[in-house]
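Student:
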Amino acid sequence: MEIRKRLTFLFVGIVAIILLLSSLSIFYFSSNYRQEDFYNRLRSKGRNTAKLLIEVEEVDAELLLRIELDNPESLSEEKIIIYNFANEILFNTDRDNIIQISSYLLDEIRLQGEVRFETKGYEVLGAMYTDRYDRFVVITAAKDTYGLSKLKNLRNILFIVFISGIGLASLTGWLYAGRALRPISRVVSEVDRITISSLNLRLKTDASEDEIARLATTFNKMLDRLEKAFKMQKDFISNASHELRTPLTAITGQIEVLLLKERSTSEYSETLHSVLDDIKNLNHTSNRLLLLAQASSESAISNLRPVRVDELIWQARTEVLKRSSLYQIKVNVAKEINDENKFLVNGNEQLLKTVLINLMDNGCKYSDNHTVEVSMYSDSGNLKTTFANTGIGIHSDDIHLIWEPFHRGRNALQRRGHGIGLSLVKRITEIHDGHIEVTSELNKGAVFILYLPNLNA
């Protein structure tokens, strides 16, 4: 069901409940008031009649009967019966014996002082009347034709008001819900226009700070992230294709040239070594891409355990030094780290080792003397590790781009590499709730600063 219909039904339901409760309350209190007012009139009528009969010597039952029959202020179908203490009838206008009074009822009236009941459409009041010599029971009955007629009219009016109120609430609720949901309808229509080929489009936002405006703003932020993700994916696929195609093209070309004619053993050997280098290069690129995919998977996040970073640094150092006899890696530990627990982080050992290897390898590769200095510090609940070298540095225009896959600095194109390492470093660092920074001065070197939260921080 549409939200507009649900809101309308909800609004109508609330209004209906309010109208129903109000109508029932009005009718209930009006009915009680009519009944109480009519019984007061019965009481007054019975008391006045008994007073005339009992206390006024000039008035007897026959005269009083004629007075009551000719009284224009008599109640509708009025019946008055007066009993003495011996339950003898002293006065009676009920010639048809419509009101049946038992001795038990007379005793009940004497006991309670007053009794109310209804019979045959009559409202009856039995009350005690006492003078100096005797106690009397006065039965007064009548039909409240006028009061019941007014109550019926009130009921009809309330019913009409209720039905009209429901109709008006339905119309008002439908129009109001439509107006309230108009911004959402606009958002839906604008979202429908956005496709994979038009991710640059954004929802219109206004200066208001209501929920719809916040929704549009949030959606625009999501579109920003989606557009960036699609662009990164597109660039990644393009760069990956290029990186994989280059060695494959080289291998194909070398083999085709080799097959054009007979070659000497040395030429075959030289070509095969060249092909082997290209295959190793291709294999290295593939492994980096797999690592990048692994770092983005949920398994990398779930497979975390306490790891000592200092031990990983020494293991990574050993592996990097095997890559070239020219490489030198110096490791320093700040004196402030006097507790082994400060080396502990919650992480994936293999991925963290990959981060350290990449940073050390880059430091040696782009250093003039192939040396990188690794230093560890304790910094506000984090294990801070710096990787510093002296060399070509990073151009200021490239610093914010070095974390993108396959991006290589303009002054590093002559060095061997694929542009995957730093993007891998950043992704792995982020899944460990850490962050990495870089400071650099062109032709003077660079310092990468890795922050990883301590296990007990």
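Reminder that position 68 of the sequence shown reads as 68 in full-length UniProt numbering, one-by-one numbering, no gaps. In this text, a Cβ means the ideal position worked out from N, Cα and C, and glycines have one as well.
Could I get the ranges of all uninterrupted beta strand (DSSP E) runs contained in the stretch 133-198, with 3 residues as the minimum, in chain order?
Tutor: Listed in chain order, they are 135-142.
Student: Report yes if the CB atom of residue 127 is closer than 9 Å to the CB atom of residue 119, and no otherwise.
Tutor: Their beta carbons are not under 9 Å apart, which means residue 127 does not touch residue 119 by this criterion.
Student: Assign residue 82 to buried or exposed, taking buried as 16 or more other Cβ atoms, counted over all protein chains shown, within 10 Å of its Cβ.
Tutor: Under this definition residue 82 is a buried residue.
Student: Under a Cβ-count criterion, where at least 16 other Cβ atoms within 10 Å of its own Cβ denotes burial, should residue 278 be classed as buried or exposed?
Tutor: Buried: at least 16 other Cβ atoms inside 10 Å.
Student: Under DSSP, the alpha helix (DSSP H) around residue 78 begins and ends at which residues?
Tutor: Unbroken run through residue 78: none, as it is neither H nor E.
Student: List the endpoints of the continuous beta strand (DSSP E) containing residue 441.
Tutor: Unbroken beta strand (DSSP E) run through residue 441: 435-441.
Student: Can you check which of these residues, 248, 261, 385, is closest to residue 274 by C-alpha distance?
Tutor: The shortest Cα separation from residue 274 among 248, 261, 385 belongs to 248.
Student: State the DSSP-derived secondary structure class of residue 328, mapped to helix, strand or coil.
Tutor: Strand at residue 328.
Student: To the nearest angstrom, report how far apart residue 347 and residue 443 are at their CA atoms.
Tutor: If I take the Cα positions, the gap works out to 35 Å.
Student: What does the Cβ neighbour count give for residue 255, buried or exposed, with the cut at 16 atoms within 10 Å?
Tutor: Exposed, by the Cβ-count rule.
Student: For my contact list, residue 393 and residue 440 are in at a C-beta cut-off of 8 Å; report their separation, rounded to the angstrom.
Tutor: Their Cβ separation, rounded to whole angstroms, is 5 Å, which keeps residue 393 and residue 440 in contact under 8 Å.
Student: One question on the structure: do residue 371 and residue 329 come within less than 9 Å of each other, judged by their Cβ atoms?
Tutor: Cβ distance < 9 Å, so residue 371 and residue 329 count as in contact.
Student: Using a Cβ distance threshold of 8 Å, determine whether the stretch 319-337 contacts the stretch 353-372, with at least three qualifying pairs required.
Tutor: Judged by Cβ distances under 8 Å, the stretch 319-337 makes contact with the stretch 353-372, as three or more pairs qualify.
Student: Thinking C-alpha only, which one of 265, 108, 78, 396 is nearest residue 95?
Tutor: Closest option to residue 95, Cα to Cα, is 78.
Student: According to DSSP, residue 91 sits in a beta bridge with which residue or residues?
Tutor: DSSP output for residue 91 lists 82 as bridge partner(s).
Student: At 4 residues or longer, and completely inside the stretch 333-392: list those alpha helix (DSSP H) runs for me, N to C.
Tutor: Qualifying alpha helix (DSSP H) stretches, in chain order: 349-365.
Student: Give every residue of the same chain whose Cβ lies closer than 8 Å to the Cβ of residue 268, excluding the five residues on either side of it in the sequence, and list them in chain order.
Tutor: So the qualifying residues of the chain are 258.
Student: Please report how far the alpha carbon of residue 377 lies from the alpha carbon of residue 333, in whole angstroms.
Tutor: Roughly 7 Å between the two C-alpha positions.
Student: Which first and last residues belong to the alpha helix (DSSP H) in which residue 313 is found?
Tutor: Looking at the DSSP string, the run of the alpha helix (DSSP H) that includes residue 313 is 309-321.
Student: Give the DSSP-derived three-state secondary structure of residue 459 in the structure shown.
Tutor: A query on residue 459 cannot be resolved here, the shown segment of the chain reaching from 1 to 457 and no further.
Student: By DSSP, does residue 458 sit in helix, in strand, or in coil?
Tutor: In the structure as shown, the chain starts at 1 and stops at 457, and residue 458 therefore has no counterpart that could be examined.
Student: Buried or exposed for residue 206, going by 16 or more other Cβ atoms inside 10 Å?
Tutor: Answer is exposed; the Cβ neighbour count stays below 16.
Student: Just tell me which of 375, 230, 431, 325 has its CA closest to the CA of residue 447.
Tutor: Looking at the Cα atoms, 375 is the closest of the given residues.
Student: Based on the DSSP output, what are the partners of residue 123 in its beta bridges?
Tutor: DSSP lists 118, 142 as partners of residue 123.
Student: Cα-Cα, which of 211, 80, 166, 161 is closest to residue 183?
Tutor: Among 211, 80, 166, 161, the Cα nearest to that of residue 183 belongs to 211.
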